[in-house]
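Working notes, beginning with the structure itself.
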Amino acid sequence: MLLDILMNVFRPAMLLSILGGVAMGISIGAMPGLTSTMGVALLMPMTFAMDPDVGMMVLIGLFCGAIYGGSITAILINTPGTPSAAATVLDGYKFTMRGEAGRALGISTVSSFGGGIISGIFLIFIAPILAEIALKFSAPETFALAFFGISIIASISGNSLIKGLMSGTLGLILALIGMDNITGYSRFTFGSTFLMAGLSFIPVLVGLFAMSQCFLSIEEIYERRVMDNTTKRSIPTLQDLKTIFPTILRAGITGTFIGAIPGAGGDISAFVSYDMEKRVSKHPEKFGTGIPEGIAAPEASNNGTTGGALIPLLTLGIPGDANTAVMLGALMVHNLTPGPQLFVDQAETVYTLFAGFMLANVFMLILGLSGLRAFVKIVSIPRQVLVPVIMVLCTVGSYAINNNFNDVIVMLIAGVIGYFLTKGGFPLSPIVLALILGPMAEGNFRRSLVMSNGSYAIFLERPIALAFIVIAVISLFLPIIKKGIKVQKESKASA
Amino acid sequence: MMKNVKKIIALLAAVAMATTGLAGCGSSAESSSEAAPASSEAASSAASEQATSQEASSEAADGELVPGTVKYPVKQLTITCPPAAGGGTDLLIRAMTASMSEYLGVPVIVQNKPGAGMAIGFSAGMKEKPDGSSITAAVAEMLAVPYVSQVDFTYKDFTPICNFNSCYGSLAVAADAPYNTVEEFVAYAKEHPGEIRFSNSGVGGNWHVLAAAFADAAGIEVTHVPFDGGGPAANALAGGNVEACEVSPQELDVHVKSGKVKLLCTFSPERLPELPDLPTGTELGYDTILTIFRGFVGPKDMDPEVVKMIQDATQYALNDPEVTSFMETQHYTKNYMNAEEFYAMLEREDAIYADQAVKLGLTKS
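Order-wise, the sequence lines are chains R and F.
Per my numbering, the first sequence runs over residues 142 to 636.
Per my numbering, the second sequence runs over residues 834 to 1198.
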């Protein structure tokens, strides 16, 4: 059987489709506004004519590649190519500003590979156990996870906690726009049908990061300020790899777990891992200044979600995120009905997919490392050329979301807001985090209360939910307690 | 070329909706399930393999439909599709367009206008010219949405053309629950008022209204828990987080097969061919049926001759072997209804939505 599977994976058509999928994924992921989900859906109809396993592998390859690809633009031009790379911006761009873009990309590539492989191991060996946990994840647990996620705002606020909280609150307020999920009441829509669906996330993300960055660059061009375009080192050092190894392990595992939870994906897990690394780090103050762990954590984590998301998809037929939701459709088209039966009836196909998944990560590593030098060149493109190109991409990407010009307007407004916030020293990441988590926290909080007939005890009675809430509370108050202890010690020492 | 570009862009669009999850905030069931196309929309559409083409062919039998014999009054037919690209409705219509175009002799193009619980798409479709240049894909939300959000249309603002696909809901409970029949379930629910929680696919959505109508008919007091789509609602039951769920048998299929969930009845006019042992609600005295339909409607005051051409084109597509095999593998049930039958169904079911919207306190304020 093992031999059959290897024979199956190592045939030219299969290898080519995995390679093609990964390559396409990296390009799609790197484009601001085009996400892995779009790529998977775009490619899905083309896989109908292929063999089921080959077709699925194209999609899985694309999924892995796109999640990694998002980090390329995050590092090089301070614009996350996909929502999953929003946390990578925090440290990634700092490397580029120092002329170490190649080093940063190398770290991101190795971390993404590491995260992917870890999730693959989980996928192969303990998928059924993880799937059972994922099924237990209902409204109270999801709320608790989101609540914990919101507490992360404190650690991604940069220099000023107050400004970070203000940004986060702005994100939460923006997330309120639209029809309320539980009662169907319209909020802040001012009678506009467009706003009823809420703000689309991609235009806001693209506007806040990419467009505002373009505005800033235009200013620099206008003032003839010259940016240092020279790139120094192009590969990570052995010391870097040693530093990030434990980070990759932790972040990869975290990513796998979060990926397996239906409704939570790479964007959330990247922030969670970044926060976690900052907490366990011996030098948390260096996060945000451009350190290897700051890239390794989000990148290993978001690629960890790729294998994680496949777990409930294959074992239960429940998609872990939007990408796998599209893949579920592809599986059905190929007459592979996911669920426990799939492992019995189609064991060979399933294990071929697992082997292919590992291989996709290897290809991602090879393509990423060999493309390093080419990617880095983007930084040396004259800004007068690069900025208009990015602006066009932002506009097209935003329009393409819903075929709706209103989304372009949203993107432009977000760009202007992002420009002034950056000028005022407000961090942008908390807005993004709040936009992702706000609706998740709110909807599931209220859904939980409907389930419990209004009793708040539901959040304390369920072990997973309770655990997340306790962690969130501890992480919020720990810095204050630590500070208190420190002050006490110092006063004793001075006395 | 242009057509392809549009398609690609539309597809991109769609999916992005799915990614953001924000787009699915609409109150109605399918709007959220559209956001996760495969999980729920595709599955819900995924109706039985059965009954294929019986009705369609019986209609078509009297007059042979020959492509190219009609003179379509305009140069192109655009189908406005309120659900997102990549979802069940979108995939089916796209599968049909090639043969519709062959029959009508003009290009047939699908344009997705998702968002706001499909209100955007219907609102746009209603305002198109009634000259045959544009029709709208009608789905069950067309009836549900006007009761829960402030929109400028109802089903009466459209010219009914035809229906081509339908599926129905079912009642599911946990596999290890103490009740094995609908009677036992209702008896249990009466003994434990307020304890039974029904998961549904979204507030005011089709499945919410169906569950409420059933609870009404059975005289039981239940709590409705809204989720983002039929898939998540089914998961909630499988994970033991609610006691019952009323969504389509297709959405529940994977959990039934894995032994976590059992079906008690379906809410269909007749027993479903793929589930011949499962009684219908009607047999048991609960006459609550809601159809998850897919059909075409046009702007008001369309020329009956143009309507006839589109009806014929739809039937021609349904008889196309490629469309047939697509519908079979994807579990779409062919269910052709002409304009009168379609309108009668809309009228009947609209009354259920109207009734439940008041009882559930959903009416827009």
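Built from N, CA and C at the ideal position, the CB exists for glycine as well.
Quiz item: Quick one, which residues of the stretch 1049–1083 of chain F are near chain R if we go by CB-CB under 9 Å, in chain order?
Solution: Thr1056, His1057, Val1058, Pro1059, Phe1060, Asp1061, Gly1064, Pro1065, Ala1067, Asn1068, Ala1069, Ala1071, Gly1072, Gly1073, Asn1074 and Val1075
Quiz item: Between Ile994(F) and Val943(F), is the Cβ-Cβ spacing less than 8 Å?
Solution: Along the second sequence, read from residue 1 onward, the residue named residue 994(F) stands at position 161. Along the second sequence, read from residue 1 onward, the residue named residue 943(F) stands at position 110. With respect to the 8 Å criterion, Ile994(F) and Val943(F) are not classified as neighbours on the basis of their beta carbons.
Quiz item: Mind pulling the chain F residues with CB within less than 9 Å of Thr229(R)?
Solution: Along the first sequence, read from residue 1 onward, the residue named residue 229(R) stands at position 88. Neighbours of Thr229(R) on chain F: none; closest Cβ ~17 Å, over 9 Å.
Quiz item: Do you know offhand how far Ala928(F)'s Cα is from Lys1167(F)'s?
Solution: Within the second sequence, the letter at position 95 stands for residue 928(F). Within the second sequence, the letter at position 334 stands for residue 1167(F). When rounded, the distance between both Cα atoms is 13 Å.
Practice problem: Determine the DSSP secondary structure at Cys858(F), reduced to helix, strand or coil. | Solution: For the purposes of this step, residue 858(F) is taken as the residue at position 25 of the second sequence. With a pLDDT of only 31 at Cys858(F), under 50, the local geometry of the prediction cannot be trusted, and the value read off the model is given with reservation. Helix, per DSSP.
Exercise. Going by CA-CA distance only, name the one from Thr310(R), Asn219(R) and Gln380(R) that's closest to Ala171(R).
Key: Reading the first sequence from its first residue, position 30 is the one you call residue 171(R). For the residues Thr310(R), Asn219(R) and Gln380(R), the minimum Cα distance to Ala171(R) belongs to Asn219(R).
Quiz item: Which one or two residues does DSSP pair with Phe350(R) in a beta bridge?
Solution: For this step, residue 350(R) is matched to residue 209 along the first sequence. Partner(s): none; Phe350(R) has no beta bridge.
Practice problem: To the nearest angstrom, report how far apart Ala1046(F) and Gly1114(F) are at their CA atoms. | Solution: Here residue 1046(F) refers to the residue found at position 213 of the second sequence. Here residue 1114(F) refers to the residue found at position 281 of the second sequence. Rounded to the nearest angstrom, the two C-alpha atoms are 12 Å apart.
Practice problem: Between the Cα of Asp990(F) and those of Ala1005(F), Pro963(F) and Val1006(F), spot the shortest distance and give me the residue it belongs to. | Solution: The sequence position of residue 990(F) within the second sequence is 157, counting from 1. Checking every option, the nearest Cα to that of Asp990(F) belongs to Pro963(F).
Quiz item: Leaving out the 5 sequence neighbours to the left and right, which residues in its chain are closer than 7 Å to Lys908(F) when beta-carbon positions are compared?
Solution: Sequence index remark: in the second sequence, residue 908(F) carries index 75 (1-based). So the list reads Val939, once near-sequence residues are dropped.
Quiz item: Can you tell me whether DSSP reads Gly1128(F) as helix, strand or coil?
Solution: Along the second sequence, read from residue 1 onward, the residue named residue 1128(F) stands at position 295. Strand.
Quiz prompt | Through-space distance from Leu976(F) to Gly509(R), alpha-carbon basis | solution = As a first step, residue 509(R) must be located in the first sequence, where it is residue number 368. As a first step, residue 976(F) must be located in the second sequence, where it is residue number 143. Between Gly509(R) and Leu976(F), the C-alpha separation is close to 50 Å.
Exercise. Report yes or no: is there a C-beta of chain R within less than 8 Å of the C-beta of Cys858(F)?
Key: The residue given as residue 858(F) occupies position 25 in the second sequence. Low confidence applies here, because Cys858(F) scores a pLDDT of 31, under 50, leaving its location unreliable and the question unanswered by this model.
Quiz item: If we count the other Cβ atoms within 10 Å of its Cβ and call it buried at 16 or more, is Thr447(R) buried or exposed?
Solution: In the first sequence, residue 447(R) corresponds to position 306, counting from 1. By the neighbour-count rule (16 or more Cβ atoms within 10 Å), Thr447(R) is buried.
Quiz item: Quick one: is Thr397(R) buried, meaning 16 or more other Cβ sit within 10 Å of its Cβ, or exposed?
Solution: Residue numbering aside, residue 397(R) sits at position 256 when the first sequence is read from its first letter. When all chains shown are included, Thr397(R) counts as buried.
Exercise. Would you check if there are 3 or more beta carbon pairs closer than 8 Å linking the stretch 353–361 of chain R to the stretch 513–523 of chain R?
Key: no
Self-check item: Extent of the continuous beta strand (DSSP E) to which Ala405(R) belongs
Solution: Translated into positions along the first sequence, residue 405(R) becomes position 264. Looking at the DSSP string, Ala405(R) is not in any beta strand (DSSP E), and its letter there is neither H nor E.
Exercise. Evaluate contact between the stretch 1060–1080 of chain F and the stretch 994–1007 of chain F, counting only Cβ atoms and requiring at least three cross-stretch pairs below 8 Å.
Key: With a cut-off of 8 Å, the stretch 994–1007 of chain F and the stretch 1060–1080 of chain F count as touching, because enough Cβ pairs lie within range.
Self-check item: Backbone secondary structure at Ile303(R) - three-state DSSP
Solution: Mapped onto the first sequence, residue 303(R) falls at position 162. It is helical.
Quiz item: Quick one, which of Phe335(R), Thr229(R) and Ala466(R) has its alpha-carbon nearest Ala245(R)'s?
Solution: Here the question's residue 245(R) lines up with position 104 in the first sequence. Out of Phe335(R), Thr229(R) and Ala466(R), Thr229(R) has the C-alpha closest to the C-alpha of Ala245(R).
Quiz item: Do Ala1069(F) and Ser1034(F) have their C-beta atoms within less than 8 Å of each other?
Solution: Position 236 of the second sequence, counted from the first residue, corresponds to residue 1069(F). Position 201 of the second sequence, counted from the first residue, corresponds to residue 1034(F). For Ala1069(F) and Ser1034(F), no; Cβs fall outside 8 Å.
Exercise. Measure the C-alpha to C-alpha separation of Glu583(R) and Ile394(R) and round it to an integer number of angstroms.
Key: Along the first sequence, one-based indexing puts residue 583(R) at 442. Along the first sequence, one-based indexing puts residue 394(R) at 253. When only Cα atoms are considered, Glu583(R) and Ile394(R) end up about 27 Å apart.
Quiz item: Could you give the distance in angstroms between the alpha-carbon of Leu315(R) and the alpha-carbon of Ser168(R)?
Solution: The sequence position of residue 315(R) within the first sequence is 174, counting from 1. The sequence position of residue 168(R) within the first sequence is 27, counting from 1. If you take the alpha carbons of Leu315(R) and Ser168(R), they lie about 30 Å apart.
Practice problem: Helix, strand or coil for Met172(R), going by three-state DSSP, please let me know. | Solution: If you number the first sequence from 1, residue 172(R) lands on position 31. In this structure, Met172(R) counts as coil in the three-state DSSP scheme.
Quiz prompt | Short-range partners of chain B found in the stretch 477–499 of chain R, where Cβ spacing is below 8 Å | solution = In the structure shown, chain B does not exist; the protein chains are R and F.
Quiz item: Nearest to Thr456(R) by CA position, among Pro481(R), Gly470(R) and Ile432(R), is which residue?
Solution: The residue labelled residue 456(R) in the question sits at position 315 within the first sequence. Scanning Pro481(R), Gly470(R) and Ile432(R) for the CA closest to the CA of Thr456(R) turns up Pro481(R).
Quiz item: Does Arg1030(F) have its Cβ less than 8 Å from a Cβ in chain R?
Solution: For the purposes of this step, residue 1030(F) is taken as residue 197 along the second sequence, with counting starting at 1. At least one chain R Cβ lies under 8 Å of Arg1030(F).
Quiz item: At least one CB of chain F closer than 8 Å to the CB of Pro403(R): is that the case?
Solution: Position 262 of the first sequence, counted from the first residue, corresponds to residue 403(R). Yes, its Cβ sits closer than 8 Å to a Cβ of chain F.
Exercise. May I have the straight-line CA-CA distance separating Pro460(R) from Phe546(R), to the nearest angstrom?
Key: Residue numbering aside, residue 460(R) sits at position 319 when the first sequence is read from its first letter. Residue numbering aside, residue 546(R) sits at position 405 when the first sequence is read from its first letter. If I take the Cα positions, the gap works out to 30 Å.
Quiz prompt | For Leu607(R), the nearest candidate out of Asn464(R), Gly565(R), Leu286(R) and Gly257(R) (CA to CA) | solution = What you label residue 607(R) is simply residue 466 of the first sequence in a count that begins at 1. Per the Cα distances, Leu286(R).
Practice problem: Give the single residue among Tyr1176(F), Glu1155(F), Phe1060(F) and His1164(F) whose Cα lies nearest to the Cα of Pro1106(F). | Solution: Position 273 of the second sequence, counted from the start, is the residue given in the question as residue 1106(F). Of the listed residues, the one whose Cα sits closest to Pro1106(F) is His1164(F).
Self-check item: Minimum Cβ-Cβ distance from Arg514(R) to chain F less than 8 Å
Solution: Indexing the first sequence from 1 puts residue 514(R) at position 373. It does not; no Cβ of chain F falls within 8 Å.
Quiz prompt | Status (buried if at least 16 other CB within 10 Å, exposed otherwise) for Leu619(R) | solution = Taking the first sequence and counting its residues from 1, one reaches residue 619(R) at position 478. Exposed is the call here.
Quiz prompt | Segment contact, 8 Å Cβ cut-off, at least three pairs: the stretch 432–447 of chain R with the stretch 259–268 of chain R | solution = yes
Self-check item: Nearest candidate by alpha-carbon position, reference Asn149(R), set Pro193(R), Ser177(R) and Leu183(R)
Solution: What you label residue 149(R) is simply residue 8 of the first sequence in a count that begins at 1. With distances taken between Cα atoms, Asn149(R) lies closest to Pro193(R).
Self-check item: Within chain R, the residues that Ala1046(F) reaches when beta carbons sit closer than 7 Å
Solution: As a working mapping, residue 1046(F) is identified with position 213 in the second sequence. Those do not exist, as Ala1046(F) stays about 17 Å from chain R at its closest Cβ, beyond 7 Å.
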